[in-house]
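Below is one structure, written out as structure tokens, with a few remarks after it.
Residue numbers (our numbering): 1 to 318.
Pasting the structure below:
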């Protein structure tokens with residue numbers, strides 16, 4: 001199987017970082033509990049970050065996700081944590097370090113608040129691990145060091161032994177890199193294994209939902225029917241009729257299509273009813289857009305038809 005046929009859903013990093021951020025801090029920084037006041041809520045500065053760095057093409061061969069978060073320290077001070085996730089890199093360009101420095105000086109110029117930055121490298125280039133940006137001219141020099149975490153360097157056994165829920169996220173990304181040519185059946189087995197690893201760890205319901213969504217959708221099946229089989233097997237495994245499902249993920253998708261209120265109301269009684277409510281308040285174009293997103297995610301066409309009100313024939317033509 002060609003590696004190109006195995007699709008990775010990069011934007012899931014944005015949501016999973018937000019859903020697991022306290023676990024992320026503890027995973028990356030061993031002294032997190034002594035430094036950060038984790039009892040206080042985090043402030044996710046997505047809009048502020050986009051105002052500083054308007055969305056643009058990442059460049060051929062490069063895909064990344066950024067998250068800027070305001071945190072509080074034990075002494076009450078505010079500080080920023082910048083997390084940059086590079087999914088597919090082109091080490092020949094060598095611009096990640098410069099990009100990290102550009103993030104730093106623009107954030108500092110705007111907020112005048114200390115920043116700690118970390119680049120999570122989820123790519124497959126073994127020799128690609130930038131950690132510093134420097135320049136020098138005529139006796140004037142500058143050096144910017146930042147944290148760098150290479151997923152491909154991690155030991156699978158150590159991740160499995162780590163009780164931190166974020167270790168499951170890293171394990172998911174690691175297995176995605178080292179198993180690019182796996183068949184759909186093999187991928188399904190990997191997802192079951194990741195689900196079992198998740199269930200071994202203590203976490204609240206929302207965090208568990210986020211992890212489930214990430215391990216289910218981060219790497220896509222080629223055959224959308226295999227996704228339905230996997231979710232049915234999970235329902236059987238946990239012995240209940242309502243699968244853990246994709247509520248947070250679908251809500252994020254739907255919000256971008258302008259039907260957030262309908263979805264939020266519908267989530268109280270089920271995803272299907274929520275979709276219908278949102279679409280009733282929207283336009284036919286929104287129904288088509290949502291159906292297209294679900295089709296890309298690999299959901300069964302029959303289920304998409306039930307949730308959107310479109311016909312199977314219409315969905316098959318998308």
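Beta carbons: idealized from backbone N, C-alpha and C, even for Gly.
Source: prediction; values computed, not measured.
| said: Can you give me the C-alpha to C-alpha distance between residue 99 and residue 120, rounded to a whole angstrom? | reply: Taking the first residue of the chain shown as 1, we reach residue 99 at position 99. Taking the first residue of the chain shown as 1, we reach residue 120 at position 120. Linking residue 99 to residue 120 through their CA atoms gives a straight-line distance of about 14 Å.
Q) How should residue 206 be labelled, buried or exposed, when 16 other C-beta atoms within 10 angstroms of its C-beta is the threshold for buried? A) Start at 1 with the first residue of the chain shown, and residue 206 comes out as number 206. By the neighbour-count rule (16 or more Cβ atoms within 10 Å), residue 206 is not buried but exposed.
Around the C-beta of residue 334, are 16 or more other C-beta atoms found within 10 angstroms, so that it is buried, or is it exposed?
The structure shown does not extend to residue 334, since the chain is modelled only from 1 through 318, so no value can be given for it.
| message | Just to confirm before moving on: does the CB-CB distance between residue 85 and residue 64 stay below 8 Å? | response | Here residue 85 refers to the residue found at position 85 when the chain shown is read from its first residue. Here residue 64 refers to the residue found at position 64 when the chain shown is read from its first residue. Yes, the Cβ-Cβ distance between residue 85 and residue 64 is below 8 Å.
Closest by CA to residue 154, which one among 238, 167, 83? For this step, residue 154 is matched to residue 154 along the chain shown. Looking at the Cα atoms, 167 is the closest of the given residues.
- Message: DSSP three-state label for residue 145, please.
- Response: By one-based count along the chain shown, residue 145 stands at place 145. In the structure shown, residue 145 sits in a strand (DSSP, three-state: E or B).
Collapsed DSSP secondary structure at residue 43 in the structure displayed
Within the chain shown, residue 43 is the residue found at index 43, counting from 1. Strand.
**OP:** Determine the extent of the alpha helix (DSSP H) in which residue 19 is found, giving its start and end residues.
**Re:** For the purposes of this step, residue 19 is taken as residue 19 along the chain shown, with counting starting at 1. That run of the alpha helix (DSSP H) goes 12-19.
*asked:* By the three-class DSSP mapping on this structure, what secondary structure does residue 117 have?
replied: For the purposes of this step, residue 117 is taken as the residue at position 117 of the chain shown. Residue state, collapsed to three classes: strand.
> Considering only C-alpha positions, which residue in the set 221, 194, 219 is nearest to residue 208?
Replying inline: For this step, residue 208 is matched to residue 208 along the chain shown. Its Cα nearest to that of residue 208, the residue 194 stands out among 221, 194, 219.
**Prompt:** Where do the ends of the alpha helix (DSSP H) carrying residue 214 lie?
**Reply:** On the chain shown, residue 214 is found 214 positions in, with the first residue counted as 1. That run of the alpha helix (DSSP H) goes 205-217.
Notebook entry, point to check: Relative to the alpha-carbon of residue 192, which residue among 204, 213, 302 has its alpha-carbon at the smallest distance?
Noted result: Here residue 192 refers to the residue found at position 192 of the chain shown. Answer by Cα proximity: 213.
| Other residues of its chain near residue 146: CB distance less than 6 Å, five sequence neighbours each side excluded | On the chain shown, residue 146 is found 146 positions in, with the first residue counted as 1. By the criterion of a C-beta distance shorter than 6 Å, residue 146 is surrounded in its chain by 100, 117, once the five residues flanking it on both sides are discounted.
Under 8 Å, with one C-beta from each stretch per pair, do the region 175-188 and the region 132-142 reach the 3-pair mark?
A contact between stretches requires three or more CB pairs, one per stretch, nearer than 8 Å, and the region 175-188 fails this requirement with the region 132-142.
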